[in-house]
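Visitor: One structure coming up, written as structure tokens, with questions to follow.
Following this line, the structure appears as structure tokens:
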């Protein structure tokens, strides 16, 4: 059996940063990813990464902390947010030292910083509108330098535990060779990214199916704050492709069909740079009340001029031309809110460790520390991935060094999976994954969207339950061993169904409006009853909810306006 | 509503007789449909065994490069109707990228591509310890490598590379773009060593300058330009003993002295040891009138113009 001290599942920003940290701490760490590392969806992040470097104006980590606490609508853990913001400059400098090609200030040669939504200062470091790509590549080059073993195109089907319930490895399907194998480990770091594919349209990659969350949930680990899904204010109508918040950071404005700059009504101070939940709701309201243009509003960049667009937002221009047939130099881009980032995830502590399963760690979008609370600020996700990726890597290495010993990996783990998959492949009649997935995404989009209400959420819950039942009879039409994407999509669809159930169940229970969870039947934030994290457990397929306290340090909840 | 036939390359390694073939799939579709969405519709509606790599569907992950009617593209950002219009064909033929071995259908074995990427030492090797904060780098210096930093490693260039078709060991355009990205990074200390590493057999001078990589790169990285810039760096670092570098130098000397190319002198300068062995070939060429009559070709009239041109070129490098 293959064995390592630590295995990291997922090789985006959080995963690679964790692997690098574990490697530097002196343990044998390997990456396992269903893609190639550079294909990870972190690379699609465009606008930037926050850190109070103070390169543009006086700024400090306290400001960054406050903006994040407020952006989270006061349900982020304040101790975790302090860690995030205080370590931020160090991580940016580290990335720069590893070679990240950040955009620079004209005169000083320092890293340039741009304004972003919900931030009081220009705090977002960037590399044109390719920030995620540049950082993803930087971390990959470090993994190459360190020669970190990487299981590329290995799809994880199970989290493996020993008799005492410790995480001791994973079972994975080697897509190229067509085998199913166990990889044993003393610690497992989950970093598989978001679950945006529960929705459609979504800015997320096809691969963003929240694998780690479901793998953990099925082993009794609770998922936290699953009802909070962020809808990004600017996504292309054709396919949900992201248009960076940097477009508004650089001065882009939002217009309705009458040419009115409608954000003056909703966020008179911060306007287009209010927090994402606020801007998305404003757009949804404009569209619902008949002031949209074909189900969209307009993002106008024309006044920035050709030169600035070409220098700062080249990818946006390319994508708008390719998918919307619109050149932003000449005309506004039709955009609308689209599912983008999932604040919820595997419940972990400030070191990315699961309090429920020794040896299990999680970092990045699949985890919930929680630093984003009910609404993440733009530029904080890449930051969270590197800060808590590094911490999870460090903590997993320390855990291994402390607990030593050879892990007690069940010898039949892979065989059990093999049998399950053979049974699945043997089935000849039933629905295919694509139709179940399509229906799931449609119901989530329609009924668990920007605005929610009790009765509609209940309808969604019924549909999800019914889809889960239908999924029991799902058929895989590709029976082969090699690169069986039909099989993988089927297993992923099972993951998505688990996660959708947690999202809907959590949303029904939370009878208030907070951050990205906005209910038309409970329009106010209710600190008295709901200043708490939701924990979702799976008991025999049924989602059971529990709650845990929010950690406060020095920031008292205030009314949130922008 | 347009209807399109997609003629997809199939190779099913798990079948009893795994022979490659092309299979037709018909789709009725909206005017706007990307090649990737077409393949996924075929996967979902007609044949779940069709294999393709894909993920972001927004031209940034680099997974879905394939050939559409012979031309390498990213499937996710290519419109079906555009392929038909540009190729003048109603059928859209989809093949795996070139210069690779298929694993299953459109999925190819990328191993050589990643090995070559790693071979160019694609990581920053700075000199001395890092400062407390960021290294200060002039904006212009960072912008010098901005183009190469956009490379998404999709291998579209590799697919189209004619040098690779002739020499499978050739390092290839993407890896060299990355090589340049580090060689030209102010913060890197290995400029000369990189110039050496990228020269020699299968190195930068083996590029045939067909320009297909520049033309087909979906991100505007212009790998050929990077290769050319690596050539300049080799000269600046005096890494010029390579046959390819000598060949380039021979061009320059010839231009300087006579204002035009003198083929008879270029060959021996490029390869003084090997050239005499090519004498029989030269002789045959001369008999067929393929060589200038005298090694002392006449000089062009306006040689100052040529010198000015050389100076201009030098300044732009």
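Chains as they are written, first to last, in the numbering used here: chain C, 1 to 562; chain P, 563 to 879. For each residue, glycine too, the CB sits at the ideal point set by N, CA and C. Note that the coordinates shown come from a computational prediction; the quantities given were computed from them, not determined experimentally.
Residues of the region 604-636 of chain P with a CB closer than 9 Å to any CB of chain C: list them in chain order, please.
Guide: 605, 606, 607, 609, 610, 611, 612, 613, 614, 615, 616, 617, 618, 619, 620, 621, 622, 623, 624, 625
Visitor: Output the distance between the C-alpha atoms of residue 377 of chain C and residue 46 of chain C, rounded to the nearest integer angstrom.
Guide: 14 Å
Visitor: Given a limit of 8 Å on CB to CB distance, which residues of the region 228-239 of chain C reach chain P?
Guide: 238, 239
Visitor: Straight-line CA distance for residue 761 of chain P to residue 741 of chain P?
Guide: 11 Å
Visitor: Using DSSP's beta-bridge definition, name the partner residues of residue 456 of chain C.
Guide: Residue 456 of chain C pairs with nothing; no bridge assigned.
Visitor: Sort out for me which residues DSSP pairs residue 184 of chain C with in a bridge.
Guide: C/3, C/169
Visitor: Verify the CB distance criterion: does residue 492 of chain C have a CB-CB separation below 9 Å to chain P?
Guide: no
Visitor: Using a Cβ-Cβ cut-off of 8 Å (strictly less than) and excluding sequence neighbours within five positions of residue 306 of chain C, which residues of its own chain qualify?
Guide: Taken in chain order, the residues that qualify are 329.
Visitor: Check each residue of the region 685-698 of chain P: if its Cβ is closer than 7 Å to any Cβ of chain C, include it; give the result in chain order.
Guide: Within the region 685-698 of chain P, the residues whose Cβ lies closer than 7 Å to some Cβ of chain C are 685, 686, 692, 695, 696, 697, 698, listed in chain order.
Visitor: Using a Cβ-Cβ cut-off of less than 7 Å, give me the residues of the region 163-191 of chain C that come near chain P, in sequence order.
Guide: So the list reads 176, given in the order they occur along the chain.
Visitor: On the three-state DSSP scale, how would you describe residue 874 of chain P?
Guide: DSSP places residue 874 of chain P in helix when its eight states are reduced to three.
Visitor: Restricting to Cα atoms, I'd like to know which of C/244, C/289, C/550, C/172 is closest to residue 338 of chain C.
Guide: C/244
Visitor: Going along the region 36-50 of chain C in order, which residues come within less than 8 Å of chain P, judged by CB to CB distance?
Guide: 36, 38, 39, 40, 41, 43, 44
Visitor: Looking at C-alpha atoms only, which residue of P/788, P/766, P/627, P/820 is the closest neighbour of residue 809 of chain P?
Guide: P/766
Visitor: State the DSSP-derived secondary structure class of residue 880 of chain P, mapped to helix, strand or coil.
Guide: Residue 880 of chain P is absent from the model: chain P starts at 563 and stops at 879.
Visitor: Excluding the 5 residues preceding and the 5 following residue 588 of chain P in the sequence, name in chain order all residues of the same chain whose CB lies nearer than 8 Å to its CB.
Guide: 565, 566, 567, 568
Visitor: Just the Cα atoms here: how many angstroms apart are residue 758 of chain P and residue 730 of chain P?
Guide: 20 Å
Visitor: In whole angstroms, what separates the C-alpha of residue 550 of chain C from that of residue 80 of chain C?
Guide: 11 Å
Visitor: Any C-beta of chain P sitting closer than 9 Å to the C-beta of residue 429 of chain C?
Guide: No, residue 429 of chain C does not count as interfacial toward chain P.
Visitor: Using a Cβ-Cβ cut-off of 9 Å, state whether residue 639 of chain P counts as contacting chain C.
Guide: Taking CB atoms only, residue 639 of chain P has a neighbour in chain C less than 9 Å away.
Visitor: Residues in its own chain within less than 6 Å of residue 89 of chain C by CB, not counting five upstream and five downstream?
Guide: Leaving aside the five residues that flank residue 89 of chain C on each side, the residues in its chain whose CB is nearer than 6 Å to its CB run, in chain order, 51, 53.
Visitor: Give a yes or no on whether 9 Å exceeds the smallest Cβ distance from residue 562 of chain C to chain P.
Guide: no
Visitor: Determine whether the Cβ of residue 130 of chain C lies closer than 9 Å to any Cβ atom of chain P.
Guide: Yes, residue 130 of chain C lies at the interface with chain P (some Cβ there is under 9 Å from its Cβ).
Visitor: Ignore the nearest five residues each way along the sequence and tell me which others in residue 678 of chain P's own chain have a CB closer than 7 Å to its CB.
Guide: 733, 734, 737
Visitor: For the alpha helix (DSSP H) containing residue 199 of chain C, list its first residue and its last residue.
Guide: No alpha helix (DSSP H) contains residue 199 of chain C, which DSSP labels as neither H nor E.
Visitor: Taking residue 483 of chain C as the reference, which of P/670, P/643, P/719, P/636 has the closest Cα?
Guide: Ranking the options by Cα distance to residue 483 of chain C, first place goes to P/670.
Visitor: Per DSSP, what are the beta-bridge partners of residue 564 of chain P in this structure?
Guide: DSSP, once it has assigned bridges, lists no residue as partnering residue 564 of chain P.
Visitor: Compile a chain-ordered list of the residues in the region 743-763 of chain P whose CB is closer than 9 Å to at least one CB of chain B.
Guide: Given the protein chain composition of this structure (C and P), no chain B is represented.
Visitor: Judging by CA-CA distance, which residue of C/201, C/336, C/253 is the nearest neighbour of residue 443 of chain C?
Guide: C/201
Visitor: When you compare only the Cα positions, how much space is there between residue 666 of chain P and residue 479 of chain C?
Guide: The alpha-carbon separation between residue 666 of chain P and residue 479 of chain C amounts to approximately 13 Å.
Visitor: Using 10 angstroms around the beta-carbon of residue 113 of chain C, count the other beta-carbons present and answer buried if the total reaches 16, otherwise exposed.
Guide: buried
Visitor: By alpha-carbon positions, which one of C/386, C/351, C/476 ends up nearest to residue 135 of chain C?
Guide: C/386
Visitor: To the nearest angstrom, report how far apart residue 715 of chain P and residue 786 of chain P are at their CA atoms.
Guide: 15 Å
Visitor: What did DSSP end up calling residue 281 of chain C once you bin it into helix, strand or coil?
Guide: helix
Visitor: Please report the Cβ distance between residue 247 of chain C and residue 319 of chain C, rounded to the nearest whole angstrom; I am assuming they are in contact, meaning their Cβ atoms lie under 8 Å.
Guide: Not really, about 11 Å apart at Cβ, beyond 8 Å.
Visitor: Could you have a look at residue 312 of chain C and say whether DSSP puts it in helix, strand or coil?
Guide: helix
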